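So, in structure tokens, the structure goes:
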């Protein structure tokens with residue numbers, strides 16, 4: 465693994481902290497699925513963690529929650545708390561376990577209560593300030609890769625031991 469040196473206006477995921485940091489973002493974040501805009505916000509949060517592309521957390525009021533269907537099963541993050549999952553259902557299309565939220569996050573991540581995060585690989589398209597997002601390999605943490613982020617990124621084959 466060799467760190468990519470960031471250019472002007474870029475961030476390296478290797479400069480992100482562990483434990484992760486939460487920061488506000490004013491970038492316009494949009495999520496599309498089955499011809500519908502599922503989320504659209506300029507008041508999001510980014511979760512930044514070493515070796516991972518950012519994960520965007522979108523406030524509930526900017527998400528089409530009428531298109532989310534709660535599903536069974538939860539996961540636990542030592543930093544953020546217990547995550548609850550949702551399918552996205554539009555007409556006859558369904559993206560399984562494509563969205564998650566932290567209904568009762570840890571104190572350090574209290575700001576993302578009532579926010580939703582999306583796996584870009586399960587949506588038709590996700591955008592940050594108009595740039596189409598590339599999904600993180602393996603959906604590891606659901607990271608959003610744009611030209612402003614350089615890696616290498618954890619999640620793909622052979623990266624689990626980093």
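Residue numbers (my numbering): 465 to 626.
Here a beta-carbon is modelled for each residue, glycine too, at the ideal position from N, C-alpha and C.
Please read all numbers here as calculations on a predicted model, not as lab measurements.
On the criterion of 16 or more Cβ atoms from any shown chain inside 10 Å, does residue i qualify as buried, or is it exposed?
i	result
residue 532	buried
residue 626	exposed
Bridge partners of residue i, per DSSP?
i	result
residue 516	513
residue 546	540
residue 608	599
residue 551	533
residue 475	613
Residue j and residue i - do their beta-carbons sit closer together than 8 Å?
i	j	result
residue 600	residue 606	yes
residue 578	residue 523	yes
Report the CB separation of residue i from residue j in whole angstroms; it is logged as a contact under 8 Å.
i	j	result
residue 474	residue 576	That belief does not hold up - the Cβ atoms of residue 474 and residue 576 are roughly 25 Å apart, past 8 Å.
residue 591	residue 563	Their Cβ separation, rounded to whole angstroms, is 16 Å, which puts residue 591 and residue 563 out of contact at 8 Å.
residue 519	residue 503	With 8 Å as the limit, residue 519 and residue 503 do not qualify as a contact, their Cβ atoms being about 13 Å apart.
residue 620	residue 477	About 13 Å separates the two Cβ atoms, so there is no contact after all.
In terms of alpha-carbon separation, which member of the options lies closest to residue i?
i	options	result
residue 540	482, 502, 610 and 570	570
residue 544	484, 556 and 625	484
residue 514	561, 617 and 587	617
So that I know if they touch, is there some Cβ in chain B lying closer than 8 Å to that of residue i?
i	result
residue 472	The question asks about chain B, but that chain is absent: this structure has only one protein chain.
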